[in-house]
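Asker: One line per chain: the protein sequences are A and B, in this order.
Take 1 as the starting number for the first sequence in our numbering and just add one per residue.
Take 1 as the starting number for the second sequence in our numbering and just add one per residue.
Okay, here's the structure, questions in a sec.
Protein chains: 2
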Amino acid sequence: MKKLSTVWCILLLQLTAFAQHPKTFFTQQEAAAVKKSIALYPLLNQSYAAVKKDVDGWLGKDIDVPVPKDPAGGYTHDKHKANYTLMFNSGILYNLTGNEAYATLVKHMLLKYAALNPTLKNHPEATSSSPGHIFWQALNDANWMVYAGMAYDLIYNSLNAGERKQIEDGAFKPEVDFFTKGLKNWFNLLHNHAVWACAGVGIIGIATGNKDYVDMALYGTEKNGKSGFIAQMDNLFSPDGYYTEGPYYTRYAILPYMLFATALNNTNPALKIFEHRDSILLKALLTCMQQTNTNGSFFPLNDDLKDKDYTSNELVVAIDVAYKMYGGNEGLLTVAKKQNRVILNAGGVAVAKSIAGKKNLPDYFPYKTIESTDGAKGNEGGVTVLRNGKGNDLTSVVFKYASQGMGHGHFDRLNINVFDQGNEILLDYGSARFVGIEQKYGGRYLPENAKYATQTIAHNTITVDETSQFNGNVEQGSQYHAEKLFSSITNPAALAVAARENNAYKDVALQRNIYLLHLPEGKKLLVDIFNAASPNEHQYDLPFQYSGQFINTSFKYTADTQKQEPLGTGNGYQFIWKEAEATVKDTTIQFTFLNNNTYYTLSSLVQGEAQVFFTRTGANDPNFNLRRETACIIRKKSKNQTFLNVLEIHGNYDAVNEFSTHSYPQVQQMSLLRNDAEYTIAMITIAGKPLIIAQCNKEFGQSGKHAFSNGEIKLEWTGPGYILYNGKELQ
Amino acid sequence: MKKLSTVWCILLLQLTAFAQHPKTFFTQQEAAAVKKSIALYPLLNQSYAAVKKDVDGWLGKDIDVPVPKDPAGGYTHDKHKANYTLMFNSGILYNLTGNEAYATLVKHMLLKYAALNPTLKNHPEATSSSPGHIFWQALNDANWMVYAGMAYDLIYNSLNAGERKQIEDGAFKPEVDFFTKGLKNWFNLLHNHAVWACAGVGIIGIATGNKDYVDMALYGTEKNGKSGFIAQMDNLFSPDGYYTEGPYYTRYAILPYMLFATALNNTNPALKIFEHRDSILLKALLTCMQQTNTNGSFFPLNDDLKDKDYTSNELVVAIDVAYKMYGGNEGLLTVAKKQNRVILNAGGVAVAKSIAGKKNLPDYFPYKTIESTDGAKGNEGGVTVLRNGKGNDLTSVVFKYASQGMGHGHFDRLNINVFDQGNEILLDYGSARFVGIEQKYGGRYLPENAKYATQTIAHNTITVDETSQFNGNVEQGSQYHAEKLFSSITNPAALAVAARENNAYKDVALQRNIYLLHLPEGKKLLVDIFNAASPNEHQYDLPFQYSGQFINTSFKYTADTQKQEPLGTGNGYQFIWKEAEATVKDTTIQFTFLNNNTYYTLSSLVQGEAQVFFTRTGANDPNFNLRRETACIIRKKSKNQTFLNVLEIHGNYDAVNEFSTHSYPQVQQMSLLRNDAEYTIAMITIAGKPLIIAQCNKEFGQSGKHAFSNGEIKLEWTGPGYILYNGKELQ
């Protein structure tokens with residue numbers, strides 16, 4: 001009898017918990033546990049103190065809730081943003097301290113919103129197809145709903161019935177109605193903005209006890225499951241957790257996923273939301289973390305702002321929630337330590353407790369070679385990250401052969417980026433935007449984002465005839481995806497991946513094979529074999545957007561010393577100043593640059609004639625919106641072309657002690673022993689030793705048997721490729 | 001009797017010490033003390049381990065002593081450089097471990113030099129007027145002598161008489177003879193290269209017991225004291241310890257000063273070399289430290305390589321020696337901690353011991369507002385550094401009104417640089433050189449150094465008629481120096497300094513007043529009043545070489561979007577691309593840029609008409625030798641012109657959290673209430689409050705009484721200037 005009654009008690013407690021407030025960000029029990037832990041764990045303590053200091057500065061003051069007027073970065077925008085954070089934090093403190101003043105602060109603000117919101121129409125600065133009321137775009141209104149909804153829940157117990165009605169009808173209903181009726185189509189999209197919208201409506205639904213709101217949030221306005229939060233979990237990530245807009249937007253989307261899931265888990269545990277789709281939220285988070293550089297910045301796939309990193313608030317929330325919900329992951333703990341703050345619920349307690357207990361956390365997230373498929377079913381190409389090295393000596397090659405990436409996608413099929421020793425070596429412009437800076441186009445994406453940053457020439461992949469992939473048309477690009485041909489990622493000394501893209505240009509087939517090699521002498525090399533094949537004559541431009549100080553070239557060029565003009569007239573070319581050019585013929589050309597004390601040499605095989613351009617962005621940029629970035633562009637003209645390039649990492653420059661070691665490359669000569677539809681056999685001489693790369697261009701099966709012989713060299717191998725260095729396979 | 005005998009014992013011990021080897025880098029007793037301390041102090045221990053690891057890798061190997069062939073950065077250059085370091089370190093280890101293998105390594109190398117050196121003539125890559133034998137320039141041979149001399153002394157006890165003779169006659173005598181005979185004029189110069197030369201000859205003299213060498217080193221080849229080490233101590237520094245070539249070269253010169261002084265102090269303490277000229281070596285070191293940025297990089301006065309900082313080897317030696325010789329200076333200890341290594345003698349022990357004992361060393365060197373005179377007598381102008389703020393929030397304004405600075409001087413009289421929060425905000429190109437990188441002009445000063453980096457337009461001071469000061473003629477420039485008019489550095493809220501330069505241009509008198517103000521609201525402002533006066537019409541260009549992202553301007557400009565051309569044709573102008581220009585009239589113009597999350601706005605008064613150029617370096621640079629750096633250049637034409645500029649530090653951009661605060665300037669309007677030969681009265685409105693700066697242009701006495709009235713405003717003050725903000729003096 002005793003046992004049974006305990007069960008009953010627990011059940012009753014749980015049922016009461018569902019009915020009790022708070023129940024979104026944390027429960028009453030959870031709040032009590034957080035309160036106890038504050039004195040115990042330094043990271044929790046300092047996070048609490050920081051929140052308290054922020055909020056206490058506003059206690060007893062009359063907080064401005066201005067009539068919306070300014071775009072992002074302007075006063076009213078930033079004020080409303082600050083307001084929802086303040087309400088949320090003050091609500092938390094009310095529960096952790098019991099001090100009514102925190103609840104009163106929130107109440108007064110929510111009552112002001114209750115007066116303001118019913119009066120609002122589209123924001124005067126609204127320009128997008130999903131305008132906001134409080135902000136210039138609905139997305140920001142959704143942010144407001146998520147936090148204001150939680151804030152309301154957090155102070156619910158302090159309000160009387162009249163105040164509750166006033167806030168629910170005045171502050172929330174107009175926003176929910178606007179989203180689910182006025183912006184219904186947008187709300188029902190499968191898109192990261194709609195994730196925020198659903199989370200906002202859903203959290204308000206939970207906070208106000210409105211089942212209709214919660215159901216619309218979970219299953220779409222028609223409640224048929226074709227849209228809404230569950231459909232978003234099922235469709236926006238690939239089975240591996242890759243989000244098609246790229247890791248920068250995973251960061252943005254993961255926050256509402258984690259917060260709404262937390263509220264759902266508190267109130268409807270039967271939904272098992274965190275376990276949904278084989279724990280897709282954890283996969284999404286870990287994939288996003290793997291797609292960062294050692295300094296925490298996101299790989300610049302699609303629209304990406306380079307000054308964001310994994311210490312951003314969204315990932316503090318996501319990591320704390322995931323660490324608690326999915327069991328202690330040490331990699332997440334390493335990142336949490338760099339974030340140096342936690343959220344004030346059970347997730348934050350778990351992280352702060354673990355960090356307090358671990359003295360020897362690794363310095364870096366456990367980065368590894370990783371392949372992620374794209375598309376809800378995982379059949380729309382993907383992204384491979386080849387990696388070699390440990391700690392700060394990590395080399396990462398990012399190879400993108402994914403689908404378009406929706407509105408934030410770039411025309412960059414078969415693009416590569418290279419990171420080494422914490423630095424971006426072959427770079428991607430990312431996106432052209434100064435988020436939050438009003439003077440720069442209201443903080444929105446700049447016109448140069450679509451005109452330059454998304455264009456093919458802004459990347460490290462082939463541009464055909466000075467025209468971007470899919471003619472720069474997002475709809476066309478969204479119909480296709482690139483395709484992986486094979487990969488070999490088990491031997492860290494010889495990593496390989498190949499992909500093709502046959503739709504980006506009408507009559508051109510593109511195939512790129514990427515090899516990251518680690519020679520026994522310690523040298524790392526990236527070998528890049530890029531085939532373009534067409535029945536017709538074309539101009540193929542392959543840029544290497546390098547970051548570093550130009551050191552020297554093995555070939556003569558003519559510099560534009562007295563006058564600079566743009567490289568072209570459209571498709572991004574109009575933004576590129578031509579600084580120098582060369583015509584080269586039947587040779588191996590080399591270009592060395594220095595990045596943060598390491599030398600990098602690009603060696604390139606030229607068969608027949610090619611042109612080389614050294615360029616810098618900044619033409620046609622009257623508002624100084626673009627960063628000035630450099631590229632070495634190799635241009636070849638004909639029907640079929642193979643670009644054989646090697647990026648060699650070598651030497652060291654110690655400026656303080658004035659020593660320069662191994663500043664010259666060791667790659668000496670390159671040739672193609674065979675190159676046709678069936679095979680490419682490349683030979684690269686490195687300090688006298690031959691490196692041979694044999695690759696299949698037609699048959700990629702693991703068991704296919706292949707052979708090559710030219711009298712001097714005889715090769716036999718099984719599978720899609722074969723690498724021999726000085727007569728031996730790399731280990 | 002007992003007491004006396006103790007005294008005798010000590011005297012005998014000391015006399016023996018003078019006769020005993022080693023006696024340059026350390027004495028036998030000192031070595032014994034170092035040996036004991038290794039286990040005690042972590043920093044000493046790790047420094048010892050690092051040296052041992054380096055040297056142990058070479059033990060038992062045959063070390064190459066190649067026939068000199070390559071310029072700086074090439075194999076033979078770097079090998080000989082590595083060799084002298086290896087000999088020196090191995091010699092130290094012989095004394096600390098007693099292991100003969102270390103002595104043998106050095107012996108074999110010195111014997112190889114004994115065979116090589118007598119065969120050498122001028123280096124095949126020699127281009128300077130002081131060619132070297134082992135290296136392309138004699139300066140590097142002097143480096144070799146300093147270290148090889150100490151290495152010989154360190155292993156002296158292990159050698160037999162024949163070996164000693166072979167080394168002294170073969171390795172050293174040809175070098176000493178070459179310096180004191182072949183290069184006699186150069187050796188006798190009062191110049192930092194000659195400091196190295198004297199230290200080399202002197203240390204070899206001490207190591208080999210050759211009084212003739214020591215006397216030539218101390219008093220010049222004629223031994224008359226007009227040149228040599230003592231004359232260099234008397235003449236190369238100003239009485240404040242400022243070295244006319246600038247702090248980057250103090251760094252270079254201080255090493256031989258400190259090492260030779262150490263050897264002299266060990267062998268001839270009666271010379272009291274460290275006390276010489278009121279402890280000038282300590283003054284030189286502290287002045288050099290004060291002329292660094294918070295990140296340790298040297299202020300870019302004259303030729304300066306920006307990637308050098310106070311962690312360089314020269315300053316490790318200097319700080320360790322000085323810390324021991326001059327008593328524990330905590331500021332030096334802070335720097336020593338960042339250097340993270342010590343030398344293996346008593347100096348290093350003292351530093352390592354102190355650091356081990358102090359847990360709460362300050363994070364930064366104790367930077368302060370400091371004025372340094374230039375010239376051996378301190379009467380050739382100087383450099384003032386105005387400073388406000390603590391820790392990383394330090395703002396430093398460097399104002400240079402010194403003499404030419406010998407061969408490394410720039411044509412930059414009345415130049416300013418600004419550092420804030422660890423970043424260079426208004427910058428100076430420094431020097432154009434990639435020291436140690438063979439591909440870049442053999443690592444020597446690039447042609448662009450003289451053609452661009454030293455020219456006036458590369459600085460933040462007025463260029464008249466597109467011609468550098470003194471027509472870019474070093475000899476002419478060396479005849480004159482600028483002159484300080486007054487300074488006021490006691491009130492940190494209102495720092496002021498003024499200087500004039502009347503010789504740089506034939507008929508133009510230049511006067512610049514710099515004010516670093518800290519308003520009660522917390523804002524920092526640099527106010528810059530720059531007068532140019534001439535009986536004739538001129539074109540005055542005042543550049544602000546800014547570092548940061550262009551945000552916006554208050555005025556319209558025309559950008560060169562389709563074509564870029566150089567701003568001019570000579571005197572450095574040919575290296576500058578014009579990116580945009582504007583014509584403005586009777587207004588206050590504003591330009592905002594963002595550097596590392598802080599906004600900076602330059603507000604400039606335009607009376608009559610002015611042109612504004614936005615520029616970037618890189619024109620006429622076929623070898624990509626120049627960094628691309630940006631400037632805003634204000635051009636005015638007439639006889640007399642006053643440039644009234646304000647650099648305002650404001651706001652914050654938090655990219656991770658997408659918040660931007662105070663991104664707009666508060667300076668609103670500017671005017672000159674009076675501006676003539678007697679007074680300049682400037683009024684600057686800041687967020688509605690008036691800032692009035694009244695300055696005397698003729699009488700700079702502290703007791704002079706002055707008055708101004710224009711009906712509305714009535715001022716009365718005593719001294720060279722008066723600052724009123726919102727009706728009150730700044731506190």
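All C-beta atoms in this analysis are idealised placements derived from N, C-alpha and C, irrespective of residue type, glycine included.
Can you name the residues of chain B whose CB is closer than 8 Å to the CB of F613 of chain A?
Answerer: Residues of chain B passing the Cβ test: none, with the nearest at roughly 13 Å.
Asker: If the cut-off is 8 Å on Cβ atoms, which residues from the segment 140-159 of chain A count as contacting chain B, listed in chain order?
Answerer: Flagged: no residues at all.
Asker: Mind reading off the beta-carbon distance from Y243 of chain B to A194 of chain B? Whole number of angstroms is fine, and I expect it under 8 Å.
Answerer: That belief does not hold up - the Cβ atoms of Y243 of chain B and A194 of chain B are roughly 13 Å apart, past 8 Å.
Asker: Is the number of C-beta pairs between the segment 594-601 of chain A and the segment 527-539 of chain B that are closer than 8 Å three or more?
Answerer: Touching, no.
Asker: Can you give, in chain order, each stretch of the beta strand (DSSP E) that sits fully within the segment 402-442 of chain B and has at least 3 residues?
Answerer: The qualifying runs are 415-420 and 423-426.
Asker: What does I551 of chain A touch in chain B if you count any residue whose Cβ is under 9 Å from its own?
Answerer: Residues of chain B passing the Cβ test: F434, I437, Q439, K440 and F624.
Asker: Provide the residue span of the alpha helix (DSSP H) that contains L354 of chain A, from first to last.
Answerer: What sits at residue 354 of chain A in the sequence shown is Ser, not Leu. A346 to G357 is the span of the alpha helix (DSSP H), which, as asked, contains S354 of chain A.
Asker: In chain order, what residues of the same chain have a beta carbon less than 7 Å from the beta carbon of V584 of chain B, not counting five sequence neighbours either side?
Answerer: Same-chain partners within the cutoff: F555, V606, A610 and V612.
Asker: So the candidates are A:F260, A:Y248 and A:D240; which of them puts its Cα closest to the Cα of I230 of chain A?
Answerer: I230 of chain A has its Cα closest to that of A:F260, out of A:F260, A:Y248 and A:D240.
Asker: Take every Cβ of the segment 374-386 of chain B, pair it with every Cβ of the segment 454-467 of chain B, and state whether three or more of those distances are shorter than 8 Å.
Answerer: The segment 374-386 of chain B is not in contact with the segment 454-467 of chain B.
Asker: Just checking, does the segment 217-227 of chain B make contact with the segment 177-189 of chain B on the three C-beta pairs under 8 Å criterion?
Answerer: They touch, by the three-pair rule.
Asker: First and last residue of the alpha helix (DSSP H) that includes L285 of chain A?
Answerer: H276 to Q290 is the span of the alpha helix (DSSP H), which, as asked, contains L285 of chain A.
Asker: With Q29 of chain B as the anchor, note down where its alpha helix (DSSP H) starts and where it stops.
Answerer: First-last of the alpha helix (DSSP H) with Q29 of chain B: Q28 to S37.
Asker: Rounded C-beta distance between S312 of chain B and V656 of chain A? I'm assuming under 8 Å.
Answerer: The Cβ separation is near 5 Å, so the contact holds.
Asker: Would you check if the segment 347-357 of chain A and the segment 33-50 of chain A touch, i.e. whether three or more CB-CB distances between them fall below 8 Å?
Answerer: Yes: at least three Cβ pairs fall under 8 Å.
Asker: So if DSSP puts N645 of chain A in a beta bridge, which residue, or which two residues, is it bridged to?
Answerer: Note: N645 of chain A sits in a beta bridge opposite A:D528 and A:S604.
Asker: Using a Cβ cut-off of 8 Å (strictly closer), state whether G704 of chain A contacts chain B.
Answerer: It does not: the Cβ of G704 of chain A has no partner Cβ on chain B nearer than 8 Å.
Asker: Using a cut-off of 9 Å between C-beta atoms, extract the partners of R444 of chain A located in chain B.
Answerer: Those within 9 Å of R444 of chain A in chain B number zero; the least Cβ separation is about 12 Å.
Asker: Our contact map puts H108 of chain B next to P68 of chain B with C-beta atoms below 8 Å; I'd like the distance itself, whole angstroms only.
Answerer: Actually they do not touch by this definition, with Cβ atoms about 19 Å apart.
Asker: For P300 of chain A, would you say it is in contact with chain B, using Cβ-to-Cβ distances shorter than 8 Å as the test?
Answerer: It does not; no Cβ of chain B falls within 8 Å.
Asker: Where DSSP assigns a beta bridge to M683 of chain B, which residues make up the other side?
Answerer: Its beta-bridge partners are B:S671 and B:I692.
Asker: Quick one: which residues of the segment 561-574 of chain B get their C-beta closer than 8 Å to a C-beta of chain A? List them in chain order.
Answerer: Answer in chain order: T561, Q562, K563, Q564, E565 and P566.
Asker: When you compare only the Cα positions, how much space is there between Q549 of chain A and F486 of chain A?
Answerer: Looking at the two C-alpha atoms, the distance is approximately 35 Å.
Asker: Buried or exposed for I425 of chain B, please, with buried defined as at least 16 other CB atoms from any protein chain shown within 10 angstroms of its CB.
Answerer: When all chains shown are included, I425 of chain B counts as buried.
Asker: May I ask you to list, following chain order, the residues of the segment 71-86 of chain A that have a beta carbon less than 9 Å from some beta carbon of chain B?
Answerer: Under the 9 Å Cβ criterion, the segment 71-86 of chain A contributes A72, G73, D78, K81 and A82.
Asker: If you measure beta-carbon to beta-carbon, which residues of the segment 642-657 of chain B are closer than 7 Å to chain C?
Answerer: Within the model displayed, chain C is absent; protein chains A and B are what it includes.
Asker: For F260 of chain A, report the span of its beta strand (DSSP E) as first-last.
Answerer: Where F260 of chain A is concerned, there is no enclosing beta strand (DSSP E), although the alpha helix (DSSP H) it sits in stretches over P247 to T267.
Asker: Any idea if Y573 of chain A is buried or exposed, counting beta-carbon neighbours within 10 angstroms, 16 or more meaning buried?
Answerer: By the neighbour-count rule (16 or more Cβ atoms within 10 Å), Y573 of chain A is buried.
Asker: Identify, in the order they occur along the chain, each residue of the same chain with its Cβ nearer than 6 Å to the Cβ of L724 of chain A, setting aside the five sequence neighbours on each side.
Answerer: Cβ neighbours of L724 of chain A beyond the five flanking positions: I692.
Asker: Which residues in chain A sit within 9 Å of T588 of chain B, going by Cβ to Cβ distance?
Answerer: What T588 of chain B touches in chain A: nothing, since even the nearest Cβ is about 18 Å away.
Asker: Under the assumption that T642 of chain B contacts I529 of chain B (Cβ atoms under 8 Å), give the Cβ distance between them as a whole number of angstroms.
Answerer: Right, their Cβ atoms sit about 7 Å apart.
Asker: Do you know how far the Cα of N392 of chain B is from the Cα of E729 of chain B?
Answerer: Roughly 27 Å separates the two Cα atoms.
Asker: Which of the residues in the segment 304-333 of chain A, read from start to end, lie with their CB under 8 Å from any CB of chain B?
Answerer: Here the close residues are L305, D307, K308, D309, T311, S312 and N313.
Asker: Relative to the C-alpha of E125 of chain A, which residue among A:N140, A:Y113 and A:A115 is closest?
Answerer: Nearest of A:N140, A:Y113 and A:A115 to E125 of chain A, Cα basis: A:N140.
Asker: When the Cβ atoms of the segment 326-337 of chain B are set against those of the segment 358-372 of chain B, are three or more pairs found closer than 8 Å?
Answerer: Contact holds: three or more Cβ-Cβ distances are below 8 Å.
Asker: Report yes or no: do three or more beta-carbon pairs, one from the segment 628-642 of chain B and one from the segment 704-717 of chain B, lie closer than 8 Å?
Answerer: Contact between the segment 628-642 of chain B and the segment 704-717 of chain B is absent, because fewer than three Cβ pairs lie under 8 Å.
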